[in-house]
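In this text, residue positions in the sequence shown follow the working numbering: the first is 132, and each later residue adds one.
Just so it is clear, CB atoms sit at the ideal spot from N, CA and C, and this is done for glycine as well.
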Amino acid sequence: MKKSIVALALLILAWGVQAQEAMQDSTGLPGDNFSLEGALDLFKNSKDLEDFEKKLNIEDSGINNLDLNEDGETDYIRVVDNMEDEAHAIVLQAVISKDEAQDVAVIEIEKTGKEEAILQIVGDEDLYGPDVYAEPFDEDGNGGKGGPAFDEDVVRVVVNVWLWTPVRFIYAPLYRPWVSPWYWGYYPGWWRPWHPAPWSIYHRRVVVYRPHYHIVSTHRVVHAHRVYTPHRTSSVTVKRNITVNRSRQVGNTTVTRSTTVGTKRSSDGTKAAGVKRTTTVKNKSGDQTTVKKRTNAAGVKKEGNTVTTGRKSTKTGVQKSGNTVKAGKTTKTVKTKRKKN
């Protein structure tokens with residue numbers, strides 16, 4: 132009996148730890164509901180881009196959990212290949228309405244040798260925030276011999292994806308770039324939208340892809356990204372809905388978290404992107420404390436032959452109602468100018 136109680140307690144504890152880890156993985160942004168790692172795995176196991184699009188839009192695949200237009204059903208994901216020379220920018224685009232679409236991610240591929248190619252999938256900054264890349268993972272262990280506790284130096288290896296079936300397909304001599312024929316109100320007969328799963332369930336479904344595909348901070352596939360940039364599509368509706376409010380009750384207080392992602396271009400041509408998070412704690416008497424945090428916003432501006440880059444650091448502030456308490460920290464903006472030859 133005691134063993135059963137102990138086993139049950141351990142099971143409940145493990146479930147609680149998993150739930151806590153899932154909440155820590157959540158950013159509160161729409162990209163939480165479309166696994167970049169899972170999308171790469173679907174791509175790897177597809178025969179061509181048409182097959183890849185079908186896999187993305189089948190419920191059993193378990194990757195697409197997006198409802199960007201908030202109609203209670205998953206969005207259809209179109210696949211469009213933008214090709215230039217030996218670079219491909221394969222766009223995954225959600226159909227939002229009759230007049231709007233929203234890029235979810237782009238798979239960028241470049242041929243680097245006779246039988247060599249590299250790729251990354253880039254999450255759209257409206258849905259994931261800036262600079263979110265995922266790529267196939269491999270490692271080279273160079274540790275010495277020893278027991279179970281020996282240290283091992285692990286070096287990340289850039290994976291050659293040339294042998295992936297869809298990669299060979301798009302580099303075939305007679306290949307014509309795939310452009311999905313489907314759009315709002317006109318879908319394939321096999322497609323049946325479904326209700327998105329709760330985050331806690333979806334997270335457990337896609338976390339299995341993480342050992343094989345990793346989120347990284349280095350953007351490797353730059354030529355394909357230049358091919359993609361002029362074609363990027365964003366939705367006004369999605370930007371309006373991008374603010375996510377989450378509230379939960381903790382004892383006698385209510386905690387509300389709001390996350391907003393946005394990009395803007397100033398009059399001088401500088402483009403900035405950043406994430407703003409606000410946490411408000413309110414008790415039953417009505418007193419509340421608000422913490423606001425704005426993450427880094429980076430910009431690039433060109434003037435003649437001069438390129439100016441800048442980065443604004445995180446700014447944090449605290450406000451308390453009634454007797455106001457203000458606390459904040461702001462670091463200096465750092466800019467670098469480089470004259471082009």
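**Study point:** Per-residue DSSP class, three states only, for Glu266
**Key:** strand
Check your understanding: Assuming Phe183 contacts Pro297 under a Cβ cut-off of 8 Å, what Cβ separation, rounded to an integer in Å, is found between them?
Key -> 6 Å
Point to revise | Exposure label - Gly320; buried when at least 16 CB within 10 Å | key: exposed
Point to revise | Run of the beta strand (DSSP E) containing Gly169, from where it starts to where it stops | key: Premise fails: Gly169 lies in the alpha helix (DSSP H), Leu167 to Lys175, not in any beta strand (DSSP E).
Check your understanding: Which residue comes first and which comes last in the alpha helix (DSSP H) that contains Ala303?
Key -> Where Ala303 is concerned, there is no enclosing alpha helix (DSSP H), given that its DSSP letter is neither H nor E.
Review point. Would you call the segment 211 to 230 and the segment 333 to 347 touching, i.e. three or more CB-CB distances under 8 Å?
Key: no
Review point. What's the C-alpha gap between Asp225 and Trp322?
Key: Per the sequence shown, the amino acid found at residue 225 is Ala instead of Asp. About 14 Å.
Check your understanding: Name the DSSP beta bridge partners of Ile221, please?
Key -> Asp212 and Ile238
Review point. For Pro267, is the classification buried or exposed, using 16 other Cβ atoms within 10 angstroms of its Cβ as the cut-off for buried?
Key: buried
**Study point:** Any chain D beta carbon closer than 8 Å to Val288
**Key:** As a matter of chain content, chain D is missing from the structure shown, which is built from one protein chain.
Exercise for review: Decide if Arg357 is buried, meaning its Cβ has at least 16 other Cβ atoms within 10 Å, or exposed.
Suggested key: exposed
**Study point:** Inter-residue CB distance, Val235 and Leu250 (contact presumed, cutoff 8 Å)
**Key:** With a Cβ gap of about 16 Å, Val235 and Leu250 do not count as contacting.
Review point. So the alpha helix (DSSP H) Val253 belongs to, where does it begin and stop?
Key: From DSSP, Val253 is part of no alpha helix (DSSP H) but of the beta strand (DSSP E) over Glu247 to Gly254.
Review point. If you follow the beta strand (DSSP E) that Val339 is part of, which residue opens it and which one closes it?
Key: Neither: Val339 is in no beta strand (DSSP E) and is coded neither H nor E.
Point to revise | Nonlocal neighbours in the same chain, by C-beta distance under 6 Å from Lys433, ignoring five residues either side | key: Per-residue confidence for Lys433 stands at a pLDDT of 48, beneath the threshold of 50, marking its modelled position as unreliable; no derived number is given.
Point to revise | Segment limits, alpha helix (DSSP H) that includes Val358 | key: Val353 to Tyr359
Exercise for review: Indicate the three-state DSSP secondary structure (helix, strand or coil) for His345 in the structure shown.
Suggested key: strand
Review point. In three-state terms, what does DSSP make of Asn291?
Key: coil
Practice item. Identify the continuous alpha helix (DSSP H) that holds Asp182 and give its terminal residues. Key: Leu180 to Leu187
**Study point:** Beta-bridge partners of Gly244, as assigned by DSSP
**Key:** Glu247
**Study point:** With 16 other Cβ atoms within 10 Å as the buried cut-off, status of Ser177
**Key:** buried
Review point. Is the CB-CB distance between Thr368 and Ser228 below 8 Å?
Key: yes
Review point. By Cβ distance, which residues of its chain are closer than 7 Å to Ala355, with the 5 residues on each side in sequence left out?
Key: Ala218, His219, Ala220, Glu239, Ile240 and Glu241
Exercise for review: Measure the C-alpha to C-alpha separation of Ile373 and Asp206 and round it to an integer number of angstroms.
Suggested key: 16 Å
**Study point:** Presumed contact (8 Å Cβ cut-off) between Val337 and Ser166, rounded CB distance
**Key:** 4 Å
**Study point:** Exposed unless 16 or more other CB atoms sit within 10 angstroms - verdict on Lys245
**Key:** exposed
Practice item. Provide the residue(s) that pair with Ala328 in DSSP beta bridges, ordered along the chain. Key: According to DSSP, which records beta bridges pairwise, Ala328 is partnered with nothing at all.
Practice item. Would you give the residue range spanned by the alpha helix (DSSP H) that Thr368 belongs to? Key: Val367 to Asn372
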